[in-house]
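J.:
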Amino acid sequence: MTELCQILYSEEYSSTMSALRSLLEQKLYTEEALLLTEKALDLLASHYTTWHYRFDIVKHLQKDFFEELDWCEEIALENQKNYQIWNYRQRIIEEIMQNADLADKFQHRREHPILDMMLQQDPKNHHVWSYRKWFVERFGLHNDEAELTFTTKLIETDARNNSAWTHRFFLKFKGGNILEKDIEEEIEYVKLQIDLCPQNPSTWNYLSGIISETGKNLVEFKDFCLVYGDLQSR
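Position one of the sequence shown corresponds to residue 331 (the working numbering), numbered consecutively onward.
1. From what residue to what residue does the alpha helix (DSSP H) around Arg-351 run?
2. Over the uninterrupted alpha helix (DSSP H) stretch that includes Val-557, give me the two end residues.
3. If I measure Cβ to Cβ from Trp-416 and keep anything under 6 Å in the same chain, skipping five residues before and after, which residues do I get?
4. Is the region 493-504 touching the region 475-482, taking contact as three or more C-beta pairs under 8 Å?
5. Leu-374 by DSSP, collapsed to three states: which one?
6. Counting only runs of 3+ residues fully inside the region 456-534, write out the beta strand (DSSP E) ranges in chain order.
7. Assuming Asn-530 and Ala-489 make a contact with CB atoms under 8 Å, what is their CB distance in whole Å?
8. My understanding is that Leu-371 touches Thr-380, with C-beta atoms under 8 Å, so please give their C-beta distance in whole angstroms.
9. Name the residue from Ile-423, His-442, Glu-341 whose alpha carbon lies nearest to the alpha carbon of Lys-389.
10. So, helix, strand or coil for Pro-453, using DSSP?
11. Taking C-alpha atoms, which residue in Met-347, Gly-506, Gln-356, Pro-443 lies nearest to Thr-367?
12. Who are the near neighbours of Ala-375 in its chain, counting only those whose CB is closer than 8 Å to its CB and skipping five residues on each side?
13. Please identify the residue among Leu-537, Asp-553, Gln-437 whose C-alpha is closest to the C-alpha of Glu-516.
14. Check Asp-434 in the structure and name its three-state DSSP category.
15. Is the separation between the beta-carbon of Phe-500 and that of Gly-539 shorter than 8 Å?
16. From Tyr-418 to Cys-402, what does the alpha carbon distance come to, in whole angstroms?
17. Return the first residue and the last residue of the alpha helix (DSSP H) that Asn-417 is part of.
18. On a Cα-Cα basis, can you pick out the residue from Ala-476, Arg-468, Leu-471, Lys-502 that is closest to Asp-446?
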């Protein structure tokens, strides 16, 4: 059968991947193989097999996992929409946490600079938000002030950033029991945001989520909602 469309890879990419496949087939976990994975990922950062191979090499050579996280940050900044990077980073951190000595050295706040930078560049980057959610859950950071402050800043910049609202809801209402006073404070916060931009679906969805999650009586919100009830007819 004749191929309708053949992908034209560069000579550098073809030769690099050919060499990488050869090492992988031989199950070689060497410094040479590690350097080759770096070159391959520089050419195509979304190549899943290369990430998997690199992970095995790093473990086999007992490389410094913290240095690997630093290297991974450089790749992430150059590849905004890449999912594999964050999956790899997650695996490296899990390896760190399985080692008592390394786990003692790991500070969860080291993740904030790269995550904040990535989301400042692209506030709706789904891959980074997914990783951030895992990170919060993994280290029990639902009540972390830095996390909440970050969502507040993003919302102040763009109140229609549904990703920021979703993460905020996850922080506030998916981390266990929440005090009634905190619920009321969050209701007042979202009401203020609705006042600023009544036709923003993200804020109304957030309020609806609070009502659903907490079992609040809809009647409590009747007067507030009626203020904006005729917006659709304008």
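The C-beta atom is built at its ideal place from N, Cα and C for all residues, glycine as well.
T.: Let's see:
1. It spans 341-355 - the alpha helix (DSSP H) in which Arg-351 sits, taken as one unbroken run.
2. First-last of the alpha helix (DSSP H) with Val-557: 552-557.
3. Correct list, in chain order: His-457, Tyr-461.
4. For the pair of segments examined, the region 493-504 was found to touch the region 475-482: the number of CB pairs separated by less than 8 Å reaches three.
5. DSSP, reduced to helix, strand and coil, places Leu-374 outside both helices and strands of the structure shown, so it counts as coil.
6. The qualifying runs do not exist here; there are none.
7. With a Cβ gap of about 5 Å, Asn-530 and Ala-489 count as contacting.
8. Contact flag correct, Cβ pair sits at about 6 Å.
9. Out of Ile-423, His-442, Glu-341, Ile-423 has the C-alpha closest to the C-alpha of Lys-389.
10. Of the three classes helix, strand and coil, the one that applies to Pro-453 here is coil, per DSSP.
11. Measuring from the Cα of Thr-367, the nearest candidate turns out to be Met-347.
12. Take Ala-375, set aside five residues on each side of it, and the residues of its chain with a beta-carbon closer than 8 Å to its own are Ile-405, Glu-408, Asn-409, Asn-412, Gln-414, Ile-415, in chain order.
13. Here the closest residue by C-alpha is Leu-537.
14. Residue state, collapsed to three classes: helix.
15. The criterion of a C-beta distance shorter than 8 Å is not satisfied by Phe-500 and Gly-539.
16. Separation of Tyr-418 and Cys-402 (C-alpha to C-alpha, rounded to the nearest whole angstrom) is 8 Å.
17. Here the alpha helix (DSSP H) through Asn-417 covers 414-427.
18. Ala-476 is the residue among Ala-476, Arg-468, Leu-471, Lys-502 whose C-alpha sits nearest the C-alpha of Asp-446.
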